[in-house]
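Trainee:
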Amino acid sequence: MDPDTAQAEGPSANRQAATLELRNIVKRYPGSDEPAIADLSLEVAAGEICVLVGPSGCGKTTAMRLVNRMIEPTSGDILVNGASIIDRKPSELRREIGYAIQQIGLFPHQTIAENIATVPALLGWDKRRIAERVDELMDLIGLEKAMAKRYPGQLSGGQRQRVGVARALAADPPLMLMDEPFGAIDPINRERLQNEFLRLQGEIRKTIVFVTHDIDEAIKMGDRIAILRKGGVLAQYATPAELLMAPADEFVEDFVGADRALKRLALQRVRDIDLWEAPTVRVGDPVSEARARAAATPIGHALLVDEDNRPVSWLGDGDLIGERVVHHAGGLTKVELDDVLRDALADLLQGKVMYGVVTDHGGRVAGVLSVEVISGFLNHQVAGRIDQAPAPAERLA
Ligand SMILES: Nc1ncnc2c1ncn2[C@@H]1O[C@H](COP(=O)(O)OP(=O)(O)OP(=O)(O)O)[C@@H](O)[C@H]1O
Ligand SMILES: [Mg+2]
3 MDPDTAQAEG PSANRQAATL ELRNIVKRYP GSDEPAIADL SLEVAAGEIC VLVGPSGCGK
63 TTAMRLVNRM IEPTSGDILV NGASIIDRKP SELRREIGYA IQQIGLFPHQ TIAENIATVP
123 ALLGWDKRRI AERVDELMDL IGLEKAMAKR YPGQLSGGQR QRVGVARALA ADPPLMLMDE
183 PFGAIDPINR ERLQNEFLRL QGEIRKTIVF VTHDIDEAIK MGDRIAILRK GGVLAQYATP
243 AELLMAPADE FVEDFVGADR ALKRLALQRV RDIDLWEAPT VRVGDPVSEA RARAAATPIG
303 HALLVDEDNR PVSWLGDGDL IGERVVHHAG GLTKVELDDV LRDALADLLQ GKVMYGVVTD
363 HGGRVAGVLS VEVISGFLNH QVAGRIDQAP APAERLA
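One rule links them: number in the numbering used here = place in the sequence shown (from 1) + 2.
1. In terms of DSSP beta bridges, what is valine 337 paired with?
2. Kindly provide the chain-ordered list of residues whose Cβ lies closer than 5 Å to any non-hydrogen atom of ligand 1.
3. Less than 9 Å between the beta carbons of valine 211 and alanine 38, yes or no?
4. Please state the DSSP three-state secondary structure of glutamine 18.
5. Going straight from the alpha carbon of lysine 336 to that of glutamate 193, what length do you get?
6. Could you tell me the distance, in whole angstroms, from the CA atom of alanine 237 to the CA atom of aspartate 310?
7. Tell me, to the nearest whole angstrom, how far the beta carbon of alanine 168 is from that of leucine 139; I am working on the premise that it is less than 8 Å.
8. Applying the criterion that 16 or more other CB atoms from any shown protein chain within 10 Å of the CB defines a buried residue, is glutamate 50 buried or exposed?
9. Looking at valine 213 and ligand 2, is the gap between the Cβ and the nearest heavy atom below 8 Å?
10. Tell me leucine 236's beta-bridge partners as DSSP assigns them.
11. I need the boundaries of the alpha helix (DSSP H) containing methionine 140, first residue and last residue.
12. Opposite aspartate 79 in the DSSP bridges: which residues?
13. Mark leucine 351 as exposed unless 16 or more other C-beta atoms lie within 10 angstroms of its C-beta, in which case mark it buried.
14. From the DSSP output, which residues share a beta bridge with glycine 100?
15. Quick one: Cα of isoleucine 80 to Cα of arginine 30, how far?
16. Work out the CA separation of lysine 354 and glycine 333 for me, nearest whole Å.
17. In terms of residue numbering, what span does the beta strand (DSSP E) encompassing glycine 369 cover?
18. Beta carbon of aspartate 181: closer than 8 Å to some heavy atom of ligand 2?
19. So what does DSSP say about valine 258, is it helix, strand or coil?
Following this line, the structure appears as C-alpha cells:
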C-alpha cells in the first residue's frame with residue numbers, strides 16, 4: 003500500500019455506507035475450462051448486509067476478491083458508489099474496503115494491536131486515537147486487553163479469526179467484505195459475535211458482503227441472501243423471509259433445508275403474532291366467573307395473576323371450587339414478547355403445559371402463546387406479508 007496517499011486522505015471515521023454493484027462479471031482463472039464465475043450481476047444497497055452462500059467452490063471468495071481488486075475480472079464491471087473500480091488505484095480502494103479473509107491472514111510478526119491498527123495507521127491516525135480504537139475493538143471481539151501485546155502465533159484459531167474481524171472494522175470502512183469471518187469460532191462465541199456484530203451494524207449501517215457456508219447464519223445476518231451455485235450462478239437473491247417462503251427452485255429448497263418453516267420462526271418475535279387473550283382471574287374473584295373465563299378459551303384453565311397482573315398459576319377444574327378464587331402456586335411456562343418465536347416454541351415443547359404465558363418487560367401478562375397459535379401463524383403467513391420480517395439488527399432483543 004502507498005503511505006503517501008494515506009497521509010493525504012487523513013483520518014476518516016463515520017464515512018457513509020457505499021453501494022456495490024457487480025455487472026455481468028465473468029472470471030476465468032488461467033488454465034481452467036470452466037469459469038469460476040460465468041455471469042454474475044448483483045446489487046447491494048448502502049447499509050445492507052448481503053450474504054453470499056453456496057457450496058464449496060461456487061465462487062464466493064472469487065467474487066469478494068474481485069471487489070477489492072486482489073484479482074481482476076475477465077470481463078464485466080464493478081461499481082462502488084456508482085463509480086467503476088477499474089479506474090481506481092487498488093491500494094486506495096483497499097483502504098476504503100474492510101476485508102476479513104477466509105484464512106485469517108494476520109501479519110505474524112506484528113502484535114495483535116498492530117494488526118488491528120493496520121489501516122488506521124496507513125490513514126495517518128494519531129497514536130492516541132489508534133490506541134482507543136484498538137481498545138474498543140478488543141472489547142467488541144471479547145479479547146482481554148492484555149492479549150493486544152501478543153503475536154498471532156500465541157492465539158487460538160478462533161481468537162485469531164476474531165482479530166481478523168476487528169482489523170476489518172478498524173477504520174470504519176464504508177464497505178466491508180467478510181469471508182466466513184466466524185467460521186472457526188465455537189458456537190457460543192460465534193453467536194455472541196454475530197449478535198455484537200448485528201448490534202454494531204444497527205448503529206454504523208455499513209454495506210457488508212458476508213460469506214458463509216451456514217444457512218442459519220445467512221438467515222440471521224442477512225438483509226438479503228444471494229444463493230450461488232457452481233460457476234457463480236445466482237440461484238436466488240432475496241430477503242431471508244422470501245427465501246424461506248418461496249424458494250426459487252429445488253436447488254434453493256435443498257439448500258435452505260426441509261425445516262424451512264421452522265427457520266422462519268427465527269425471523270419473528272412473539273410480539274409479531276396474534277396471541278390469545280389470557281383468561282386472567284385474581285384471588286377473591288367469584289369462582290363461577292373464573293370457570294366461565296376458563297371455558298371461554300381453548301385452554302380450559304383460568305390464569306391466576308397478582309395485583310400487578312403478573313402470572314401466578316394456571317387454575318384447572320380441581321382448583322376452582324368454593325365461592326371465591328383462593329391462592330395457588332403452580333408451574334407456568336413463561337415467554338416474553340421479545341423472545342424469538344423459535345425459542346418460544348422450544349420453551350413450550352419443554353414445558354409441562356402446552357401454553358406459554360406471554361409477559362412484557364415488566365413481567366405483566368400480555369397474552370397466551372400456544373403451539374396452535376404458532377402453527378396458525380406459519381400457515382397463514384401469505385406471500386404479501388413476508389417482507390414484514392424485521393431487519394437483522396432489529397431482530398435482536
Ligand atoms: N487462483 C486460482 N486458480 C485457479 N482456479 C481457482 C483459483 N482460485 C479459485 N479457483 C477455482 O475457482 C472456483 C471458485 O473458487 P472460490 O474460492 O471462489 O470458491 P468458494 O465459493 O469461496 O469456495 P469455499 O466455500 O470452499 O471457500 C473453484 O472451482 C476453485 O477451484
Ligand atoms: Mg471461499
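Just so it is clear, CB atoms sit at the ideal spot from N, CA and C, and this is done for glycine as well.
Mentor: Here's the rundown:
1. According to DSSP, valine 337 bridges with Val360.
2. Every residue whose Cβ sits closer than 5 Å to any heavy atom of ligand 1 is listed here in chain order: Tyr31, Ala38, Ser58, Gly59, Cys60, Gly61, Lys62, Thr63, Thr64.
3. For the pair valine 211 and alanine 38, the CB atoms are not nearer than the 9 Å cut-off.
4. Of the three classes helix, strand and coil, the one that applies to glutamine 18 here is coil, per DSSP.
5. The alpha-carbon atoms of lysine 336 and glutamate 193 are separated by roughly 23 Å.
6. Alanine 237 and aspartate 310: Cα-Cα distance of roughly 53 Å.
7. Alanine 168 to leucine 139, Cβ: 4 Å. Contact.
8. Counting Cβ neighbours within 10 Å, glutamate 50 comes out buried, since at least 16 surround it.
9. Under cutoff, so the answer is yes.
10. Answer by DSSP bridge pairing, in chain order: Leu230.
11. Unbroken alpha helix (DSSP H) run through methionine 140: 129-142.
12. Aspartate 79 is bridged to Arg25.
13. Within 10 angstroms of the beta-carbon of leucine 351 lie fewer than 16 other beta-carbons, which makes it exposed.
14. The partner list for glycine 100 (beta bridge, DSSP) reads Met178.
15. So the two alpha carbons sit approximately 16 Å from each other.
16. In this model, glycine 333 and lysine 354 are separated by some 8 Å (Cα to Cα).
17. First-last of the beta strand (DSSP E) with glycine 369: 367-372.
18. Checking the Cβ of aspartate 181 against ligand 2 gives yes.
19. Reduced to three states, the DSSP call for valine 258 is helix.
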